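Enquirer: Numbering (my numbering), first residue to last: 2 to 200.
Structure incoming, see below.
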């Protein structure tokens with residue numbers, strides 16, 4: 002099944018994508034197929050940031066496209082279509098983790114926030130000290146995070162949710178979201194530094 006997953010596939014031009022969406026909104030299988038082929042790889046990468054298991058991620062991808070095509074009639078061409086689709090996929094990935102009881106609430110003590118303030122830890126994905134790392138190194142480190150840390154980190158750092166949105170999505174407090182994000186970043190920094198030392 003790996004043949005359809007090409008994260009570097011070229012995305013369609015805006016007008017071409019619009020015509021595919023309109024076809025899909027009319028339940029035309031051609032439009033659905035074009036959209037699937039153009040975006041499956043990118044959506045699978047987004048899902049794999051939350052769910053490291055390949056088969057489980059593929060199941061979420063399939064469910065995600067069923068939901069995308071079931072709701073595509075409500076897409077109004079306002080905002081990014083890819084962003085709209087990614088939000089559906091991410092929500093399903095989180096639901097899958099929640100259903101499997103992988104999400105455990107960590108760090109309810111909000112007083113710990115000062116210790117994990119954003120100013121203490123520069124971004125793990127930037128800066129010259131990280132230049133020797135590959136994308137695989139970073140993804141491997143992210144897979145070592147607990148499911149909750151991984152979910153919070155991805156939602157905040159990659160999907161650009163606010164801590165308020167993360168709290169609402171995951172059913173935790175904003176303080177817990179901030180704390181889990183800081184701990185995830187700290188763990189990633191430690192693991193990635195270890196990786197650089199062994200290279």
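Backbone N, C-alpha and C define an ideal beta-carbon position, used for all residues, glycine too.
Please read these numbers as outputs of a predicted model, since none were measured by experiment.
#1: In whole angstroms, what is the alpha-carbon distance linking residue 67 and residue 39?
#2: As a quick exercise: from 189, 29, 175 and 160, pick the residue whose alpha carbon is nearest that of residue 95.
#3: Just tell me which of 77, 163 and 50 has its CA closest to the CA of residue 137.
#4: By how many angstroms is the C-alpha of residue 185 removed from the C-alpha of residue 54?
#5: So, for residue 74: in the same chain, excluding its five sequence neighbours on each side, which residues have a beta-carbon less than 6 angstroms away from its beta-carbon?
#6: Along the chain, where does the alpha helix (DSSP H) that runs through residue 72 open and close?
#7: Does DSSP put residue 52 in a helix, a strand or coil?
#8: Within a Cβ cutoff of 6 angstroms, which residues of the same chain sit near residue 71, ignoring the five residues on either side of it in sequence?
#9: Between the stretch 55-62 and the stretch 145-164, do at least 3 Cβ pairs fall closer than 8 angstroms?
#10: Taking the alpha helix (DSSP H) that residue 163 falls in, what are its first and last residues?
#11: Suppose contacts are defined by Cβ-Cβ distances below 8 angstroms. Is residue 52 in contact with residue 18 by that definition?
#12: Any idea what DSSP makes of residue 95, helix, strand or coil?
#13: Rounding to the nearest angstrom, what Cα-Cα distance links residue 16 and residue 151 in this structure?
#14: Quick check on residue 14: does DSSP put it in helix, strand or coil?
#15: At the level of alpha carbons, what is the spacing between residue 177 and residue 168?
#16: Among 163, 165, 139 and 179, which one has its Cα closest to the Cα of residue 194?
#17: What's the gap between the Cα of residue 166 and the Cα of residue 174?
#18: Which residues bound the alpha helix (DSSP H) around residue 176?
#19: Roughly how many angstroms lie between the CA atoms of residue 170 and residue 148, to the nearest whole one?
Expert: Taking the structure as given:
#1: In the chain shown, the residue the question calls residue 67 occupies position 66. In the chain shown, the residue the question calls residue 39 occupies position 38. Each residue's Cα considered, the two are about 15 angstroms apart.
#2: Taking the chain shown and counting its residues from 1, the one referred to as residue 95 is at position 94. Answer by Cα proximity: 160.
#3: Within the chain shown, residue 137 is the residue found at index 136, counting from 1. Checking every option, the nearest Cα to that of residue 137 belongs to 50.
#4: Position 53 of the chain shown, counting from 1, holds the residue named residue 54. Position 184 of the chain shown, counting from 1, holds the residue named residue 185. Each residue's alpha carbon lies about 20 angstroms from the other.
#5: Looking up residue 74 in the chain shown gives position 73. Correct list, in chain order: 26.
#6: Along the chain shown, one-based indexing puts residue 72 at 71. Counting along the chain, the alpha helix (DSSP H) containing residue 72 begins and ends at 55-72.
#7: Sequence index remark: in the chain shown, residue 52 carries index 51 (1-based). Residue 52: coil per DSSP, three-state reduction.
#8: Counted from its first residue, the chain shown places residue 71 at position 70. Closer than 6 angstroms at Cβ, skipping near neighbours: no residue.
#9: no
#10: Locating residue 163 in the chain shown gives position 162, where the first residue counts as 1. For residue 163, there is no enclosing alpha helix (DSSP H), as DSSP marks it with neither H nor E.
#11: For this step, residue 52 is matched to residue 51 along the chain shown. For this step, residue 18 is matched to residue 17 along the chain shown. Contact flag unset, no.
#12: Position 94 of the chain shown holds residue 95. In the structure shown, the three-state DSSP call for residue 95 is helix.
#13: Taking the chain shown and counting its residues from 1, one reaches residue 16 at position 15. Taking the chain shown and counting its residues from 1, one reaches residue 151 at position 150. Whole-angstrom Cα-Cα distance: 36 angstroms.
#14: Counted from its first residue, the chain shown places residue 14 at position 13. Coil.
#15: Taking the chain shown and counting its residues from 1, the one referred to as residue 177 is at position 176. Taking the chain shown and counting its residues from 1, the one referred to as residue 168 is at position 167. Computed Cα separation, rounded: 8 angstroms.
#16: The residue given as residue 194 occupies position 193 in the chain shown. Of the candidates 163, 165, 139 and 179, the one whose C-alpha sits nearest the C-alpha of residue 194 is 139.
#17: The residue you call residue 166 lines up with position 165 of the chain shown. The residue you call residue 174 lines up with position 173 of the chain shown. Rounded to whole angstroms, residue 166 to residue 174 spans 10 angstroms at the Cα level.
#18: As a working mapping, residue 176 is identified with position 175 in the chain shown. Taken as a continuous stretch (DSSP letters only), the alpha helix (DSSP H) holding residue 176 covers 175-198.
#19: In the chain shown, residue 170 corresponds to position 169, counting from 1. In the chain shown, residue 148 corresponds to position 147, counting from 1. Roughly 15 angstroms between the two C-alpha positions.
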